[in-house]
Amino acid sequence: MINRKLLAKYTIAAFAALAPGCGPVSAQESAAPSPDLGARIVLRNGIRQYLAGDGVLYSYTPDSLRTASSASDRTAAAVKVSSRSSANSLRLEVSALFGPVVTNKIPDWSNDFAEQTGPSYALRDGDTVVVTDLLKYGLSLLNLQAAPAKPVRLLLGTDFDTVYYTPALDILGVDESLNRFKISVSNRASKPVAAYALGNGHAHAVASLVTDFAWLEDDRKLPPGATYSAEYDSEQAGWRAYPASARRPKLVVAAVLFQDGSSEGDATSSSGLTDSRKGQRDQLARVLDILNSVEPSTDEDVAAAIKKLKAQISGLPELSTHLEASASDLVYRAGQQAIKAVALTDLEELEAAPRQYYGTGYLKNRLVAIRDHYSKVQARL
Numbered sequence: 001m002i003n004r005k006l007l008a009k010y011t012i013a014a015f016a017a018l019a020p021g022c023g024p025v026s027a028q029e030s031a032a033p034s035p036d037l038g039a040r041i042v043l044r045n046g047i048r049q050y051l052a053g054d055g056v057l058y059s060y061t062p063d064s065l066r067t068a069s070s071a072s073d074r075t076a077a078a079v080k081v082s083s084r085s086s087a088n089s090l091r092l093e094v095s096a097l098f099g100p101v102v103t104n105k106i107p108d109w110s111n112d113f114a115e116q117t118g119p120s121y122a123l124r125d126g127d128t129v130v131v132t133d134l135l136k137y138g139l140s141l142l143n144l145q146a147a148p149a150k151p152v153r154l155l156l157g158t159d160f161d162t163v164y165y166t167p168a169l170d171i172l173g174v175d176e177s178l179n180r181f182k183i184s185v186s187n188r189a190s191k192p193v194a195a196y197a198l199g200n201g202h203a204h205a206v207a208s209l210v211t212d213f214a215w216l217e218d219d220r221k222l223p224p225g226a227t228y229s230a231e232y233d234s235e236q237a238g239w240r241a242y243p244a245s246a247r248r249p250k251l252v253v254a255a256v257l258f259q260d261g262s263s264e265g266d267a268t269s270s271s272g273l274t275d276s277r278k279g280q281r282d283q284l285a286r287v288l289d290i291l292n293s294v295e296p297s298t299d300e301d302v303a304a305a306i307k308k309l310k311a312q313i314s315g316l317p318e319l320s321t322h323l324e325a326s327a328s329d330l331v332y333r334a335g336q337q338a339i340k341a342v343a344l345t346d347l348e349e350l351e352a353a354p355r356q357y358y359g360t361g362y363l364k365n366r367l368v369a370i371r372d373h374y375s376k377v378q379a380r381l
């Protein structure tokens with residue numbers, strides 16, 4: 001699957017370049033209802049992981065994935081976070097896991113790894129703890145937070161305000177859980193929406209969150225009268241600090257890009273949508289040239305070719321559209337960077353795919369599917 005979170009992060013970073021103070025944000029599709037309390041696990045790179053109620057999270061460390069070899073006696077290969085909910089609190093237990101880093105099958109976390117039990121915490125709503133006990137095992141800092149997991153419908157005018165730079169997109173509702181906003185929007189225009197940009201109303205910032213339907217697996221757009229929902233971490237989006245503060249967030253509908261190429265809304269945000277898309281489209285053409293240069297017949301051929309493909313894509317330049325740097329050019333270049341990041345992530349995931357689990361021919365078929373999807377996305381942009 002295409003890593004749309006990563007693409008969103010780079011696209012949003014482009015708008016942040018235009019509007020200081022906006023940080024990268026990851027959007028994710030809506031989740032099912034959850035228990036009363038859940039855990040927000042903030043990694044060193046800012047990525048959030050979520051556990052609602054009882055559950056377990058396993059994650060390889062970045063260093064162990066880079067070396068792709070067995071961890072040493074004192075360096076953990078992975079981290080484990082377990083959560084157990086009670087009436088008024090959440091029990092979080094953190095452990096370091098030692099064992100081989102495997103990329104050719106699904107890890108057997110329970111049997112293949114030795115577990116070094118770490119600290120245990122009982123957190124109530126709004127509590128935060130920074131885990132430092134596992135630094136000696138090579139694990140980076142973990143920020144553990146407890147937040148309400150049961151979705152709560154926010155009320156317009158009481159819990160949040162709205163600002164519209166275009167009437168084409170209407171915010172129908174906002175639900176909050178684990179400090180995430182699930183925002184439902186409706187297309188009020190007479191033509192399909194291809195992409196839209198939201199913002200938080202901060203100074204110097206109009207748009208900071210982009211949703212682009214070109215990257216969906218199907219050829220879907222947002223037709224007139226249709227609705228779409230996506231989730232955003234409200235702290236990363238700049239809407240609400242953790243824990244949920246009394247400040248009333250401002251949700252800004254900044255710009256809408258239609259399927260016919262026309263747009264409405266704030267001028268900078270509208271041009272940002274088109275400039276980012278152009279950068280993505282141009283870089284996709286170069287990535288496709290590289291991917292089309294190989295025609296592997298077996299999984300072994302794919303495995304041998306991936307390292308070369310990654311090196312070629314890593315070396316792709318971010319070209320400029322103007323001789324002098326401009327806001328438009330920054331967004332255009334960020335669009336190119338996003339494509340490189342997505343392509344490299346897809347190849348790395350393919351390289352680490354558990355072939356024993358998926359069966360013979362998976363690598364070859366998956367590489368063809370990635371290439372075909374990129375071609376479809378390029379045609380939509």
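Numbering-wise, the numbering used here puts 120 at position 120 of the sequence shown, and it's gapless, one number per residue. Cβ atoms here follow ideal geometry from the backbone N, Cα and C, with glycine treated the same way. Remember, predicted model here, so these are calculated numbers, not experimental data.
Candidates D212, A168, N200 and Q49: closest to L144 by CA position: By one-based count along the sequence shown, residue 144 stands at place 144. The shortest Cα separation from L144 among D212, A168, N200 and Q49 belongs to Q49.
A149 (DSSP reduced to helix, strand or coil): Looking up residue 149 in the sequence shown gives position 149. DSSP places A149 in coil when its eight states are reduced to three.
Beta-carbon gap between Q259 and P192 smaller than 7 Å: Indexing the sequence shown from 1 puts residue 259 at position 259. Indexing the sequence shown from 1 puts residue 192 at position 192. Cβ distance < 7 Å, so Q259 and P192 count as in contact.
Exposed unless 16 or more other CB atoms sit within 10 angstroms - verdict on G99: Against the sequence shown, residue 99 aligns to sequence position 99. With 16 or more other Cβ atoms within 10 Å, it is buried.
Where Q259 falls: helix, strand or coil (DSSP): Start at 1 with the first residue of the sequence shown, and residue 259 comes out as number 259. Here Q259 sits in coil by DSSP.
Reference I290, options A146, A39, D108 and Q312, closest by Cα: Translated into the one-based positions of the sequence shown, residue 290 becomes position 290. Taking the Cα of I290 as reference, the smallest distance to any Cα among A146, A39, D108 and Q312 is reached at Q312.
Cα-Cα separation, S26 to V210: Stepping through the sequence shown from its first residue, residue 26 is reached at position 26. Stepping through the sequence shown from its first residue, residue 210 is reached at position 210. Only weak support is given to the placement of S26: the predicted model assigns it a pLDDT of 35, under 50, and the question is left unresolved by the model.
Residue range of the alpha helix (DSSP H) that includes E351: Counting from one through the sequence shown, the residue named residue 351 turns up at place 351. Taken as a continuous stretch (DSSP letters only), the alpha helix (DSSP H) holding E351 covers A327 to E351.
A352 versus L135: straight-line alpha-carbon distance, rounded: Position 352 of the sequence shown, counted from the first residue, corresponds to residue 352. Position 135 of the sequence shown, counted from the first residue, corresponds to residue 135. Taking the straight line from one Cα to the other gives about 26 Å.
As assigned by DSSP and simplified to three states, the class of A77: Within the sequence shown, numbered from 1, the residue matching residue 77 stands at position 77. Taken through DSSP and simplified to helix, strand or coil, A77 comes out as coil.
Three-way DSSP call (helix, strand, coil) for S375 in this model: Locating residue 375 in the sequence shown gives position 375, counting from the first residue. Note: S375 maps to helix in three-state DSSP.
Neighbour flag for D275 against chain D, beta carbons, 7 Å: Annotation note: the requested chain D is absent from the structure, which comprises a single protein chain.
Test item: CB-CB of S184 and G173 under 7 Å: To locate residue 184, count along the sequence shown from 1; it is residue 184. To locate residue 173, count along the sequence shown from 1; it is residue 173. Taking the C-beta atoms as reference points, G173 is found nearer than 7 Å to S184.
Burial state of E235, where buried means 16 or more other Cβ atoms lie within 10 Å: On the sequence shown, position 235 is the one that residue 235 refers to. Looking at its Cβ environment, which holds 16 or more other Cβ atoms inside 10 Å, E235 is buried.
Cβ pair L344, R366 closer than 7 Å: Residue numbering aside, residue 344 sits at position 344 when the sequence shown is read from its first letter. Residue numbering aside, residue 366 sits at position 366 when the sequence shown is read from its first letter. A distance of 7 Å or more separates the beta carbons of L344 and R366.
Local conformation of A32 per DSSP, three classes: On the sequence shown, position 32 is the one that residue 32 refers to. Any answer about A32 is weak, because its pLDDT of 40 lies below 50 and its placement is not dependable; what the coordinates show is given next. Coil.
CB contact flag (S89, E115, <7 Å): In the sequence shown, residue 89 corresponds to position 89, counting from 1. In the sequence shown, residue 115 corresponds to position 115, counting from 1. Going by C-beta atoms, S89 is not nearer than 7 Å to E115.
Own chain residues within Cβ distance below 6 Å of L142, not counting five before or after: Counted from its first residue, the sequence shown places residue 142 at position 142. Same-chain partners within the cutoff: V131.
Sequence-distant residues of its chain with Cβ nearer than 6 Å to V56 (five each side left out): By 1-based counting over the sequence shown, the position of residue 56 is 56. Closer than 6 Å at Cβ, skipping near neighbours: S82.
Terminal residues of the beta strand (DSSP E) in which I41 lies: Residue numbering aside, residue 41 sits at position 41 when the sequence shown is read from its first letter. I41: member of the beta strand (DSSP E) spanning L37 to V42, first to last residue.
Boundaries of the alpha helix (DSSP H) in which E300 is found, first to last residue: For the purposes of this step, residue 300 is identified with residue 300 of the sequence shown, where counting begins at 1. Residues D299 to S314.
Closest by C-alpha distance to P151, when choosing among T128, D159 and S177: Along the sequence shown, read from residue 1 onward, the residue named residue 151 stands at position 151. Looking at T128, D159 and S177, the one whose alpha-carbon comes closest to that of P151 is S177.
Segments of 3+ residues assigned as beta strand (DSSP E) that fall wholly inside the segment 105–164: Runs of the beta strand (DSSP E) spanning 3 or more residues and lying entirely within the segment 105–164 occur at 114–123, 128–131, 142–148, 152–154 and 161–164, in chain order.
Buried or exposed by the 16-neighbour rule on C-beta atoms within 10 Å, applied to T61: By one-based count along the sequence shown, residue 61 stands at place 61. Counting every other CB atom within 10 Å of its CB across the protein chains shown gives T61 a total of 16 or more, marking it as buried.
Exposure label - E231; buried when at least 16 CB within 10 Å: Taking the first residue of the sequence shown as position 1, residue 231 is located at position 231. So E231 ends up on the buried side.
Contact under 7 Å by Cβ, Y374 with L284: Taking the sequence shown and counting its residues from 1, one reaches residue 374 at position 374. Taking the sequence shown and counting its residues from 1, one reaches residue 284 at position 284. Closer than 7 Å, so yes.
Contacting residues, own chain, Cβ-Cβ under 8 Å from R247 (five flanking each side not counted): By one-based count along the sequence shown, residue 247 stands at place 247. If we look at R247 and ignore the five residues flanking it on each side, its Cβ neighbours are R240 and A241.
L288: first and last residue of the uninterrupted alpha helix (DSSP H) it sits in: On the sequence shown, position 288 is the one that residue 288 refers to. Counting along the chain, the alpha helix (DSSP H) containing L288 begins and ends at A267 to L291.
Pairwise C-alpha distance: S110 and I370: For this step, residue 370 is matched to residue 370 along the sequence shown. For this step, residue 110 is matched to residue 110 along the sequence shown. Approximately 32 Å between the Cα atoms of the pair.
Alpha carbon of N179 to alpha carbon of D233, nearest angstrom: Counting from one through the sequence shown, the residue named residue 179 turns up at place 179. Counting from one through the sequence shown, the residue named residue 233 turns up at place 233. N179 and D233: Cα-Cα distance of roughly 6 Å.
Supposed contact pair T360 and D299 - C-beta distance, whole angstroms, cut 8 Å: Stepping through the sequence shown from its first residue, residue 299 is reached at position 299. Stepping through the sequence shown from its first residue, residue 360 is reached at position 360. Indeed they touch by this definition, with Cβ atoms about 7 Å apart.
6 Å CB neighbourhood of L156 in its chain, flanking five on each side removed: Walking along the sequence shown from the start, residue 156 turns up at place 156. Within its own chain, no residue has a Cβ closer than 6 Å to the Cβ of L156 once the five positions on either side in sequence are excluded.
S262 to D54 span [Cα, whole Å]: The residue labelled residue 262 in the question sits at position 262 within the sequence shown. The residue labelled residue 54 in the question sits at position 54 within the sequence shown. One C-alpha to the other measures close to 47 Å.
Local conformation of Y401 per DSSP, three classes: It is not possible to answer for residue 401, since the shown part of the chain is limited to 1 through 381.
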